[in-house]
Each structure stands twice: as C-alpha cells, then as structure tokens.
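*Asks:*
Residue numbers (this note's numbering): 3 to 453.
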C-alpha cells in the first residue's frame, strides 16, 4: 500500500511504530502533487519549505518518543481561506491576491502545534460562495472519479476534496457555510464533517457569512474525520467507538430533501437504509415540514442573512474590481445591496422559530437521514459560462446541505455507493448542535454496515 492510500491515522501509527518517516511521506505527497497538478488546479500553492521543516521536526519527535498527537507528522491540505503567515491568502479571488497575513489562522496554529504538516493551500470557489467548485480565475480541479469528462468537484472546498480523493493529502481542512465541506466530500467519495457554528474558531479565515461559516475536515473515513476534528479543537484524538445500532433511530423525512433526487442516488440511499434496518436501526418515516420551511426561508431573496453578510464583507471590493470577479459570484454577492435590515431581522426571528420546532420534533431520534446532494456532479464545461444552468445546478447542489447550516446543526456525509458512471454518492446524517461526538460514533457504526 502506498502512502497515498493510507488513512491519516494509519500514517500516524506508522510514524509511532517507526515503520514510516514523516520526511519520506511528506516528500512523496509533494512530489506527486507537483507531478499530478502542474497547473495548480488543486493546490493554489505548495508550501514545500514549510512542509519539509515541519516533517523534519515531526521525524525528530517520533525518534525521541515525543509525538504530540495521533496526527503528528501527517501531511494535510488547507483551503485557501485559512491564513498562512507570509503567504498570500486570497480566498479564491484575484482581487485579494495581494492579501498576505502575518500569522496563521487559529485552527492552523493549533494543528501546527500538534505536529501536523501543512502541505499547501487548495483552490476554492471565489469567496467560498458556491457549492459547485468552479473558479475560472484560479482553475477548477476536475472530479477525479471520471476520467473521460471533467466534472465539478463540489465547492466551495473544491481543491480540499480533490486533494484527498486524488491521494495528494492525507486529509483536508475546509469550511462549510451552506455545504462547502459536505458537497465536495460527497462528490469525491469522502467523509465530511460540518461542525456546529462556533465550535471551531474562525480567527484568521477569509469570511463569507460569520453567522453561518464553520470549519470542518474532509477525510477518508470517520475515524480520520474525528481525529482531524480533535486536532482542530486542540485536543488529543480519542478512538471513535461505534454506536450500538440496535438502539439507534433515524428520521427519514420526505418533502424537499427528496425532490428531484436523481434515481440512482435515491436507489443507493434506499439500499443503504435497508442495510441499516437489517442491522437493527429504527427508521421513523414521517414528514418533517420544518425542512421545507427552512429551505424556503434560506432561498428567499428578500431576507437572506448569508447574502447580506457576504455583501457587507465584500460588496465594496467587488464593485471596485468587477472585471476580476467570476460573474455568478459577483451577482450573488451584489444582490445583498437591495436587502433591508427589517427583512433580515424578520428572517432571523423566523429561522430561530423553525429551528426550535425542528429540534423539538426530532428530539426522540439520533439523527435525520437524507441524501447529501440530490444530483451527480455535472460537467464543468456546461456550467462555467454561468447563467441559468449554473444557477440551477448550484441550487440543487446546496439544497439539502444548506438546511443544516440554517438550523444551526452539525452534520456528516458518508459514502454510500456509486452511480453507473462511477461517481460517488453521499448519505447525510444531521443532529442537534454540539453533538459532534455522538454523531461521529453513529456515523462510524453506519460506515461499518455500509462498507
């Protein structure tokens, strides 16, 4: 097995046992990234000097029995909205290409103190404002699961997902404001954890919507996702014990979560649910109208807090640099100019009221289960020009995942099969805020059944 095929935790164990050297592993990742990504569509920047220095330090700690964390010495990629001291952090926008921070983002600083290796910064949707991952200005990484047609990778953490799926990082750190960890994870056959807003610090990240922005990992399996989550929280990684599925219950809603779901995706989810039932899971099939309500509220152009905050952050900069900005992103951000404070506050109050009803309704189950993304990743060429095809695909990509952000939940996506084109399909579990540990245990148990 090559280093590229190993999980992050397996690499950490190999370092602990003296069966692998962080320097050799890091060099392997750097060499393959340079070879497989010469036009920098996956990595905006490879940080060779930093990575090699961190790997050297990790090798020294391993030799002396002083490893700091289960992921000490493990090479990771970081989305290009996490500040890296002395390196341009542009958030995928040419208008910010001269932005050079003086210190690392808080979560990167934590990960570095724990000994992980920062390989480089990955490409992303401009300003993190799309679920597709298309960025003509910096380059769109093609989904690695189709060798014939270049398909979207999912966004906004586009390069993050591809870096792991293509074997160019052992794990990746992204952000999720409306699905930007879970969509690329689902479309790249990975596990993606959306954390509760506020659980991980946003200090030193390029913002989109501070109310909804969250940091989260993209990983090969649930155990890696849990270890990466611990790394970002600045704590030791504890083994994830799978829940007892004979005591688990999942709410299976209809409504908006299943509208327009492609048949092969629906079939894969239904097959997964049958296997879970056989394993003892209790499935509650019942309408959950709060999902439809929060969806309608989230996409109401008259009161979107997300759009309003994006405009407040970037409207002036975009207006001054219109020619530099990818048109679909420009139009979505500038729509915030027309929003009123009264409409936004009314939407806030309604969102909180729906969230309270949702949490009360689902209090008796462990999680709600639904497709992560309703559609397979479309070809890049069909969507890059923008217009209605782009808008329609973007809405479908984001539809199910946005629900969790708007309700303030935590959520995880797991691979649950592939379609006839070999494209991965994701199953999503979402649970109440600040229940990440319980959700990870449940997801691990589900993972064992599905694989």
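Using N, Cα and C, we set each Cβ at its ideal position, and we do this for glycine too.
1. Where does the unbroken beta strand (DSSP E) through residue 126 begin, and where does it stop?
2. Return yes when the Cβ of residue 161 is within less than 7 Å of the Cβ of residue 124, no when it is not.
3. Is the beta carbon of residue 399 sitting closer than 7 Å to the one on residue 370?
4. What's the call for residue 408, buried or exposed, on a 16-neighbour Cβ count within 10 Å?
5. For the segment 410 to 418 and the segment 195 to 208, state whether three or more C-beta atom pairs, one from each stretch, are separated by less than 8 Å.
6. Specify the secondary structure class of residue 444 as computed by DSSP and reduced to three states.
7. Tell me, please, whether the segment 211 to 226 touches the segment 180 to 187 by the rule of three or more beta-carbon pairs shorter than 8 Å.
8. Using a 10 Å radius around the Cβ and a threshold of 16 neighbouring Cβ atoms, would you call residue 324 buried or exposed?
9. Which parts of the segment 326 to 388 are runs of the alpha helix (DSSP H), unbroken and 4 residues or longer, counting only runs that do not cross its ends?
10. Do residue 118 and residue 78 have their C-beta atoms closer together than 7 Å?
11. Counting C-beta neighbours from all protein chains within 10 Å, is the total for residue 211 16 or more, i.e. buried, or is it exposed?
12. Between the Cα of residue 187 and those of 423, 72, 164, spot the shortest distance and give me the residue it belongs to.
13. Which value, in whole angstroms, describes the spacing of the CA atoms of residue 447 and residue 248?
14. Is it right to say residue 279 is buried, meaning 16 or more other beta carbons lie within 10 angstroms of its own, or is it exposed?
15. Mind checking whether residue 122 and residue 49 have CB atoms under 7 Å apart?
16. Please report whether the beta-carbon of residue 165 lies at a distance below 7 Å from any beta-carbon of chain D.
17. Specify the secondary structure class of residue 111 as computed by DSSP and reduced to three states.
18. Using only alpha-carbon positions, find the residue among 306, 303, 331 that is nearest to residue 316.
19. Ends of the alpha helix (DSSP H) at residue 315?
20. DSSP has residue 217 in a bridge; who is on the other side?
21. Once you ignore the five residues that flank residue 72 on each side, which residues in its own chain have a CB closer than 7 Å to its CB?
22. Tell me, which residues are paired with residue 412 by DSSP?
23. Rounded to whole angstroms, what's the CA-CA distance from residue 435 to residue 44? Just pull it up for me.
24. Could you check if residue 305 is buried or exposed, using at least 16 other CB atoms within 10 Å of its CB as the buried criterion?
25. Look at the Cβ atom of residue 444, then the Cβ atom of residue 251, and state whether they are nearer than 7 Å.
26. If we ignore side chains and look at the alpha-carbon of each, how far apart do residue 86 and residue 442 end up?
27. Does the beta-carbon distance from residue 147 to residue 425 come in below 7 Å?
28. When you compare only the Cα positions, how much space is there between residue 177 and residue 433?
29. Given this structure, state the Cα-to-Cα distance separating residue 379 from residue 63, to the nearest angstrom.
30. Using a Cβ-Cβ cutoff of less than 7 Å, which residues in the same chain neighbour residue 47 once the five nearest sequence positions on both sides are dropped?
31. With DSSP as the reference, identify every bridge partner of residue 80, one or two as the case may be.
32. Tell me the rounded alpha-carbon separation between residue 140 and residue 95.
33. Straight-line CA distance for residue 459 to residue 299?
34. Assuming residue 309 and residue 334 make a contact with CB atoms under 8 Å, what is their CB distance in whole Å?
35. Under a three-way DSSP split, which group does residue 253 fall into?
36. Can you tell me whether DSSP reads residue 146 as helix, strand or coil?
*Replies:* According to the structure shown:
1. Looking at the DSSP string, residue 126 is not in any beta strand (DSSP E), and its letter there is neither H nor E.
2. yes
3. no
4. buried
5. yes
6. helix
7. yes
8. exposed
9. 329 to 336, 343 to 363, 382 to 385
10. yes
11. buried
12. 164
13. 10 Å
14. exposed
15. yes
16. No chain D is part of this structure, which consists of one protein chain only.
17. helix
18. 331
19. 307 to 322
20. 177
21. 11, 14, 229, 239
22. 433
23. 32 Å
24. buried
25. no
26. 29 Å
27. yes
28. 18 Å
29. 42 Å
30. 89, 122, 123
31. 123, 175
32. 8 Å
33. With the chain covering only 3 through 453, there is no way to say anything about residue 459.
34. 7 Å
35. strand
36. coil
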